[in-house]
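These notes concern the structure reproduced below.
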Amino acid sequence: MKFKKTLSLVASASVLLMSFSSSTFAQENSEDLSFLEPCAPKAQGRYKVNRMDIIGEMPYKDGKLYHTVIGFEGQAEDVEGEVVIFVGSGSCKPLYTSSYWGNTPPLTDVFDQSVSRQLAYQWLKRRVTHSGFDAIQKSLIDPRLKSLPDHTYWAYKELGFSIPSHVRIKD
Numbered sequence: 001m002k003f004k005k006t007l008s009l010v011a012s013a014s015v016l017l018m019s020f021s022s023s024t025f026a027q028e029n030s031e032d033l034s035f036l037e038p039c040a041p042k043a044q045g046r047y048k049v050n051r052m053d054i055i056g057e058m059p060y061k062d063g064k065l066y067h068t069v070i071g072f073e074g075q076a077e078d079v080e081g082e083v084v085i086f087v088g089s090g091s092c093k094p095l096y097t098s099s100y101w102g103n104t105p106p107l108t109d110v111f112d113q114s115v116s117r118q119l120a121y122q123w124l125k126r127r128v129t130h131s132g133f134d135a136i137q138k139s140l141i142d143p144r145l146k147s148l149p150d151h152t153y154w155a156y157k158e159l160g161f162s163i164p165s166h167v168r169i170k171d
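Residue numbers for the sequence shown follow our numbering, so the first one is 1 and each next one is one higher.
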């Protein structure tokens, strides 16, 4: 009898955990972000999006920007894309999408320098959490790295990275 109760509790907890972890949106606070769902990409390339995490938000024009990372079905957890969604006047619109696989426009094609710097900072801070400071610092030493966009350079400096002298700010 005790075994059946334990098994029943484990099964109930598993169902609860599965329904919680299958949520498309995640954020550290409990704010309901389901209003972003209409603007969330369903796929990127041939990969279906299976999660979206909010890594930052900021006021923007007459609304708010939500900076998100997206994960893909069948891919490792660190394979992520990036989407910046504008919410204002009762609707939402993706303004920027970055692909893990490249062909990404610079942030400054969409946003001014100040916003681009904040978004680069949020993204890099996320990468530090996942990859570790030392691994990212080591990647900066690569002699093939010749330049960084201003907003990325700024984000590295703000997070305390040492940028080698051979790396220049790209205009």
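For every residue, glycine included, the Cβ atom is placed at its ideal position computed from N, Cα and C.
Considering only C-alpha positions, which residue in the set the options is nearest to residue i?
i	options	result
I54	I70, R46, Y60	I70
E158	A135, I169, Y60, K125	K125
In chain order, what residues of the same chain lie with their CB nearer than 6 angstroms to the CB of residue i, ignoring the 5 residues before and after it?
i	result
A120	H151, T152, A155
S8	Confidence is the limiting factor: at S8 the pLDDT is only 37, short of 50, which leaves the residue's position unreliable, though a coordinate-based value still follows. Hits under 6 angstroms: none found.
Using the C-alpha atoms, what's the distance from residue j back to residue i?
i	j	result
P143	I163	12 angstroms
S165	S89	46 angstroms
K170	V115	17 angstroms
A40	V128	24 angstroms
W123	R168	20 angstroms
Y60	I136	30 angstroms
Y96	R51	17 angstroms
F133	A76	20 angstroms
If I'm right that residue i touches residue j with Cβ under 8 angstroms, what's the distance once you round it to whole angstroms?
i	j	result
K93	F72	Contact doesn't hold; Cβ gap of about 22 angstroms is too wide.
L140	F161	6 angstroms
Would you say the beta carbon of residue i is closer than 7 angstroms to some non-hydrogen atom of the ligand HEM?
i	result
Y156	As far as ligands go, the structure on display features none, and thus does not contain the ligand HEM.
Which first and last residues belong to the beta strand (DSSP E) in which residue i is found?
i	result
T108	Where T108 is concerned, there is no enclosing beta strand (DSSP E), given that its DSSP letter is neither H nor E.
Got a sec, what are the start and stop residues for the alpha helix (DSSP H) residue i sits in?
i	result
E158	150-158
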